[in-house]
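Colleague: Residue 105 in the working numbering sits at position 35 of the sequence shown, and the numbers go up by one each step.
Built from N, CA and C at the ideal position, the CB exists for glycine as well.
Following this message is one structure expressed as structure tokens.
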Amino acid sequence: MSTPYIGEIRLFAFPRIPNGWLACDGSSVSIADNETLFTLLGTTFGGDGVSTFGVPDLRGQVPVHQGTGPQLTTRVLGQNGGTEQVTLLATQLPQHTHEFNVSSALATASTPASSLLLAAPANNDKMYTSSLAGLTSYPLSQAAITYTGGNQPHDNTMPTLTASFCIAAFGIYPSQQ
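Laid out in structure tokens, this is it:
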């Protein structure tokens, strides 16, 4: 393996931490033992800045590049965001009404479709039409619109594959451009 840059983060597909690397687990580490890495990270990821500093915690996190992407808010180095579970509120649903449309035209179809309305029955097997003749909207009865659901959060996590994120504590000091 080539010599890493100090502060470089790599993924490893084995469970142990290689020599010269630290787990990206949010640990506080000694400045005295890792002075060079501290000069790069400072207290961006925690620590008191006197005797300890924190390494990034990538457990259960998706790394995102710092800065501002197209149509996105600014992301600052070390900033956390997101949540594993979400409970939707009624205010987060698209605006909609609870009514249905019917037509007084004679039915021409026996199978419902998004382009068809309930219609005046033409015979025993047809009850839908695309005709807007005599269109009437009817609100649904309050008895038909009751609360449903358990008001419980749902998972908000994407499919994942677990590996070990590690940060190089030793190696080549990255020069500035």
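How far does the beta strand (DSSP E) with Thr199 in it reach, from first residue to last?
Modeller: Indexing the sequence shown from 1 puts residue 199 at position 129. Its beta strand (DSSP E) spans residues 196 to 199.
Colleague: To the nearest angstrom, how far is the alpha carbon of Gln147 from that of Asn104?
Modeller: The residue you call residue 147 lines up with position 77 of the sequence shown. The residue you call residue 104 lines up with position 34 of the sequence shown. For clarity, residue 147 is Leu in the given sequence; the question names Gln instead. The straight-line gap from Cα to Cα measures roughly 20 Å.
Colleague: Does Gln162 come out as helix, strand or coil in the three-state DSSP assignment?
Modeller: Within the sequence shown, residue 162 is the residue found at index 92, counting from 1. Here Gln162 sits in helix by DSSP.
Colleague: Taking the continuous beta strand (DSSP E) assigned at Phe170, which residues delimit it?
Modeller: Here residue 170 refers to the residue found at position 100 of the sequence shown. Per DSSP, Phe170 belongs to the beta strand (DSSP E) from 169 to 176.
Colleague: How about Thr153: is its Cβ closer than 6 Å to a heavy atom in the ligand ZN?
Modeller: For the structure depicted, the ligand ZN is absent and the ligand set is empty, with no information on it obtainable.
Colleague: Count Cβ pairs between the region 170 to 181 and the region 192 to 211 that sit closer than 8 Å; are there 3 or more?
Modeller: The region 170 to 181 is in contact with the region 192 to 211.
Colleague: Buried or exposed: which applies to Tyr198, given that a residue is buried once 16 or more other Cβ atoms fall within 10 Å of its Cβ?
Modeller: Translated into positions along the sequence shown, residue 198 becomes position 128. When all chains shown are included, Tyr198 counts as buried.
Colleague: Just to confirm, is the Cβ distance from Pro223 to Gln155 under 7 Å?
Modeller: One-based indexing of the sequence shown puts residue 223 at position 153. One-based indexing of the sequence shown puts residue 155 at position 85. Result yes, Cβ atoms of Pro223 and Gln155 sit closer than 7 Å.
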